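Okay, so the sequence shown: first residue is 1 according to full-length UniProt numbering, each after it adds one.
Yeah, the Cβ is synthetic: ideal placement off N, Cα and C, and Gly gets one too.
Everything numeric in this text was worked out from a predicted model, so none of it was measured.
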Amino acid sequence: MIPARSPFQIYRSNGNESESVAVFNSLSPEKSLPYTIEASEESLVEALQYIQNKPEEQEKYAVCLLHYAATYLDGLIAYTPLQMRDSSLPRMETNFDALVNCAARYGDKDGTLVEEIRKAEQASKEGAINTTLSDIETRFKELEKERRLALKQSGTKVEMFRKSAPVVKKAVRLPPSQPRPDRGWGGRDQEAKPLPQVPFQEGRRRQYEPAQKGQTRAEEARREEGWYFLPLYRPQQSVDAAGEEGGDGAGEYSATVGSPLRSQVQ
1 MIPARSPFQI
11 YRSNGNESES
21 VAVFNSLSPE
31 KSLPYTIEAS
41 EESLVEALQY
51 IQNKPEEQEK
61 YAVCLLHYAA
71 TYLDGLIAYT
81 PLQMRDSSLP
91 RMETNFDALV
101 NCAARYGDKD
111 GTLVEEIRKA
121 EQASKEGAIN
131 TTLSDIETRF
141 KELEKERRLA
151 LKQSGTKVEM
161 FRKSAPVVKK
171 AVRLPPSQPR
181 PDRGWGGRDQ
191 EAKPLPQVPF
201 QEGRRRQYEP
211 AQKGQTRAEE
221 ARREEGWYFL
231 PLYRPQQSVD
241 AAGEEGGDGA
251 GEYSATVGSP
261 LRSQVQ
């Protein structure tokens, strides 16, 4: 995985965020080729950087690097005559260092390809029309074809890099902080407010008159309301001296074991 953009992504990053792929595909060659060349150069440079950091994978991605170099040169060669006819078009500089780096790793053992690239670079600095780029492109394509054939005969899969657009984080100016609205129950930026004091609603009470003499207010209230609080158990009938059960059950009631006796309310 290398951080490289497609031509359309580069096109949108140059002030065309609202444009679609259809609009980009409808551009004329002189307007679309600069984005294609820039994307090819970006892929070649990032792939070389990856190989430099992981030299053990140099042979694994040999076909991919040679393909990137040939694609980059193909765009430059197609753009050169357009640039010569219209001087208002943006000038595309050739990245000879990247081409030399790729040729030194996968080119001819005698260094012929590296020497040809250096000659083309010198001619470009002198302002001469560079006609040797086509020969350099042809040689890169031949090396790529040889590598592909060797991998096919050995049954080895051709490895290609996957591309992902680099993440560019733009600085965003945040608005000045403003006090948060009252949330009612207290937020992170304000003190918690106590719960509202709700007055205790007592149950309906009956206003009783003062208790009669010898009676407590509670006894008077129970009598008026008919509250007798009789125990929910069978009364224990008293037994007289003759051994007979006496009365009609209006004796004393026994509460739970060990509890005091309570007289029945008449």
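Please list the terminal residues of the continuous alpha helix (DSSP H) segment that includes Pro81.
The residue given as residue 81 occupies position 81 in the sequence shown. Counting along the chain, the alpha helix (DSSP H) containing Pro81 begins and ends at 62 to 85.
My guess is that Tyr35 and Tyr11 are in contact by the Cβ rule of under 8 Å, so how many angstroms apart are they, rounded?
Against the sequence shown, residue 35 aligns to sequence position 35. Against the sequence shown, residue 11 aligns to sequence position 11. 5 Å between Cβ atoms; contact.
What residue range is occupied by the uninterrupted alpha helix (DSSP H) comprising Thr138?
Residue 138 sits at position 138 when you count from the first residue of the sequence shown. Its alpha helix (DSSP H) spans residues 133 to 154.
Span separating the alpha-carbon of Thr80 from that of Lys119
Indexing the sequence shown from 1 puts residue 80 at position 80. Indexing the sequence shown from 1 puts residue 119 at position 119. Looking at the two C-alpha atoms, the distance is approximately 18 Å.
With Ala47 and Leu65 assumed to form a contact (beta carbons below 8 Å), what rounded beta-carbon distance in angstroms separates them?
Here residue 47 corresponds to residue number 47 of the sequence shown, with the count starting at 1. Here residue 65 corresponds to residue number 65 of the sequence shown, with the count starting at 1. Indeed they touch by this definition, with Cβ atoms about 6 Å apart.
Skipping 5 residues on each side, what residues in its chain have a beta carbon closer than 8 Å to that of Gly107?
Here residue 107 refers to the residue found at position 107 of the sequence shown. Leu113, Val114, Arg139, Leu143, listed in sequence order.
CA-CA distance, residue 270 and Leu27?
The structure shown does not extend to residue 270, since the chain is modelled only from 1 to 266, so the question has no answer here.
Spatial neighbours of Tyr50 in its chain, beta-carbon cut-off 6 Å, leaving aside the 5 residues before and after:
Against the sequence shown, residue 50 aligns to sequence position 50. Taken in chain order, the residues that qualify are Ile2.
If we call anything under 8 Å between Cβ atoms a contact, is Ala69 one with Leu99?
Position 69 of the sequence shown holds residue 69. Position 99 of the sequence shown holds residue 99. In contact: Ala69 and Leu99 (Cβ atoms closer than 8 Å).
Residues that Ser164 bridges to, as DSSP identifies them:
As a first step, residue 164 is located in the sequence shown; it is residue number 164 there, counting from the start. The partner list for Ser164 (beta bridge, DSSP) reads Pro3.
Please state whether the Cβ-Cβ distance between Ser124 and Thr94 is less than 8 Å.
Position 124 of the sequence shown, counted from the first residue, corresponds to residue 124. Position 94 of the sequence shown, counted from the first residue, corresponds to residue 94. Yes, the Cβ-Cβ distance between Ser124 and Thr94 is below 8 Å.
Neighbourhood of Leu76 by C-beta distance below 7 Å, restricted to the same chain and skipping five residues each side
Your numbering for residue 76 matches position 76 in the sequence shown. So the qualifying residues of the chain are Ile37, Met92, Thr94, Leu133.
Please report the Cβ distance between Arg162 and Ala62, rounded to the nearest whole angstrom; I am assuming they are in contact, meaning their Cβ atoms lie under 8 Å.
Stepping through the sequence shown from its first residue, residue 162 is reached at position 162. Stepping through the sequence shown from its first residue, residue 62 is reached at position 62. Not confirmed; about 17 Å, so no contact.
DSSP-derived helix/strand/coil call for Leu48
The residue labelled residue 48 in the question sits at position 48 within the sequence shown. The answer is helix: DSSP assigns Leu48 an H, G or I state.
Considering only residues of the same chain and omitting the five flanking positions on each side of Glu17, which have a CB-CB separation below 7 Å?
Here residue 17 refers to the residue found at position 17 of the sequence shown. There are no such residues.
Pop quiz: Glu121 and Phe96 are said to be a contact at Cβ under 8 Å. What is the actual Cβ separation, rounded to whole angstroms?
On the sequence shown, position 121 is the one that residue 121 refers to. On the sequence shown, position 96 is the one that residue 96 refers to. Correct: roughly 4 Å between the Cβ atoms.
How is the alpha helix (DSSP H) around Val21 delimited, first residue to last?
Here residue 21 is taken as the residue at index 21 of the sequence shown, counted from 1. Note, Val21: alpha helix (DSSP H), 21 to 25.
Does the beta-carbon distance from Leu149 to Cys102 come in below 8 Å?
One-based indexing of the sequence shown puts residue 149 at position 149. One-based indexing of the sequence shown puts residue 102 at position 102. The answer is no: Cβ separation not under 8 Å.
Taking Pro29 as the reference, give the member of Ser13, Ser20, Gly111, Pro7 with the closest Cα.
Your numbering for residue 29 matches position 29 in the sequence shown. Looking at the Cα atoms, Pro7 is the closest of the given residues.
Between Asn101 and chain D, is there a C-beta pair that is closer than 8 Å?
As a matter of chain content, chain D is missing from the structure shown, which is built from one protein chain.
Going by alpha carbons, who is nearest to Lys31 out of Leu89, Arg105, Glu137?
In the sequence shown, the residue the question calls residue 31 occupies position 31. Minimum Cα distance to Lys31 is reached at Leu89.
Going by CA-CA distance only, name the one from Asp74, Gln83, Ala22 that's closest to Asp135.
Position 135 of the sequence shown holds residue 135. Residue Asp74 is the option with its Cα nearest to Asp135.
Where do the ends of the alpha helix (DSSP H) carrying Tyr114 lie?
The sequence position of residue 114 within the sequence shown is 114, counting from 1. The sequence shown places Val at residue 114, not Tyr. It spans 112 to 125 - the alpha helix (DSSP H) in which Val114 sits, taken as one unbroken run.
Same chain only: Cβ atoms within 6 Å of Glu56, ignoring 5 sequence neighbours per side
Within the sequence shown, numbered from 1, the residue matching residue 56 stands at position 56. Excluding positions up to five away in sequence, the list is empty.
Using 8 Å for Cβ pairs, my map puts Arg105 next to Gln58. What's the rounded Cβ distance?
In the sequence shown, residue 105 corresponds to position 105, counting from 1. In the sequence shown, residue 58 corresponds to position 58, counting from 1. Contact flag correct, Cβ pair sits at about 6 Å.
Excluding the 5 residues flanking Ser164 on each side, which residues of the same chain have their C-beta closer than 7 Å to its C-beta?
Position 164 of the sequence shown, counted from the start, is the residue given in the question as residue 164. Taken in chain order, the residues that qualify are Met1, Pro3.
Cut-off 7 Å between Cβ atoms - residues of its own chain near Glu137, not counting five sequence neighbours on either side
For the purposes of this step, residue 137 is identified with residue 137 of the sequence shown, where counting begins at 1. These residues qualify, in order along the chain: Ala70, Leu73, Asp74, Ile77.
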